[in-house]
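Numbering (the numbering used here), first residue to last: 2 to 288.
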């Protein structure tokens with residue numbers, strides 16, 4: 002049995018959101034930590050159960066994609082990591098960031114009335130401004146096989162616009178400001194855990210096909226011509242949906258459909274709008 006206090010001494014059980022089984026069966030809370038993903042990886046290596054969740058009000062060294070930092074603020078942020086043990090192969094672990102975005106979209110819409118856009122591969126935006134970043138990190142066992150994945154997110158719940166660092170004030174936003182009212186982070190967290198608990202078994206069974214249609218319906222930039230980084234090569238293309246493995250499907254300027262497995266959509270750059278209707282043959286399997 003894992004002794005949580007040995008690894009995260011200040012953690013307390015957050016019984017108000019714990020679930021009977023599965024995702025959220027154990028939910029730990031700390032006021033501040035360097036990184037919820039880092040700490041939960043340590044718990045996972047010590048044998049923590051599938052579905053263990055770590056929640057923090059503030060991260061001092063929160064991480065985004067690559068080497069980027071994630072800004073948070075005490076009493077204004079919700080920083081959450083979930084430990085997932087799965088029989089899916091290690092190459093499919095990044096799909097959990099896409100699945101997490103769907104679960105978060107549902108929780109945010111239900112509890113705040115704010116309809117975000119999902120920006121491939123790991124952000125939620127409202128009116129082009131980021132409210133959430135998502136990071137899935139895989140850990141392997143001694144044989145190089147997938148041991149577990151930690152799915153983490155940082156969500157701007159109630160950070161005043163003037164309190165963001167100057168370089169983020171034009172590109173970031175908080176749910177409370179967008180909703181025009183205070184947001185209950187506990188209710189939001191509970192909604193996320195419940196939604197993830199529904200989606201995860203479907204992904205375990207059917208992979209990306211289980212949520213591709215839902216992801217696509219809420220996709221930011223769908224049908225638009227955007228600038229996509231594909232390795233070191235910038236590509237101007239129309240976003241048309243998800244591939245079966247979670248790659249981004251784009252239609253480039255020559256009319257060729259391409260798959261982008263590692264890259265991102267340039268924020269704030271749109272080079273034209275596509276048609277109002279995108280053929281379902283391009284958007285992945287409906288869910």
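Glycine included, each C-beta is placed from N, C-alpha and C at the ideal position.
Bridge partners for residue i per DSSP, in chain order?
i: residue 60; result: 34
i: residue 54; result: 28, 83
i: residue 13; result: 30
i: residue 259; result: 251
Note the first and the last residue of the continuous beta strand (DSSP E) segment covering residue i.
i: residue 249; result: 249-253
i: residue 187; result: Note, residue 187: premise wrong, no beta strand (DSSP E); alpha helix (DSSP H) at 186-207.
i: residue 85; result: 78-85
Quick one: residues in its chain with C-beta nearer than 6 Å to the C-beta of residue i, no 5 flanking neighbours on either side, listed in chain order?
i: residue 118; result: 126, 221
i: residue 124; result: 131, 134
i: residue 267; result: 228
i: residue 58; result: 32, 75
i: residue 67; result: Annotation note: pLDDT 48 at residue 67 (below 50); position unreliable, no value reported.
Could you confirm whether any beta carbon from chain D is found closer than 8 Å to the beta carbon of residue i?
i: residue 48; result: Annotation note: the requested chain D is absent from the structure, which comprises a single protein chain.
Return the residue from the list the options that minimises the CA-CA distance to residue i.
i: residue 193; options: 214, 81, 46, 248; result: 81
i: residue 3; options: 31, 53, 102; result: 53
i: residue 214; options: 230, 141, 99, 153; result: 99
i: residue 60; options: 43, 51, 79, 35; result: 35
i: residue 181; options: 160, 200, 197; result: 160
i: residue 148; options: 30, 244, 89; result: 89
In terms of residues, what are the limits of the alpha helix (DSSP H) holding residue i?
i: residue 22; result: Segment: none, residue 22 is in no alpha helix (DSSP H) and carries neither H nor E.
i: residue 91; result: No alpha helix (DSSP H) contains residue 91, which DSSP labels as neither H nor E.
i: residue 7; result: 5-8
I'd like the list of long-range same chain contacts for residue i, defined as Cβ closer than 7 Å, with 5 residues on each side in sequence excluded.
i: residue 253; result: 236, 238, 259
i: residue 106; result: 117, 119, 125, 219
i: residue 18; result: 25, 28, 187, 190, 191, 194
Return the chain-ordered list of same chain residues with a C-beta closer than 8 Å to the C-beta of residue i, the five sequence neighbours on each side being excluded.
i: residue 158; result: 77, 78, 79, 175, 176, 177, 184, 186, 189
**Q.** Complete alpha helix (DSSP H) runs within the region 101-182 (minimum length 4 residues, chain order)
**A.** 176-180
**Q.** Uninterrupted alpha helix (DSSP H) stretches inside the region 212-243 (no shorter than 4 residues)
**A.** 213-218
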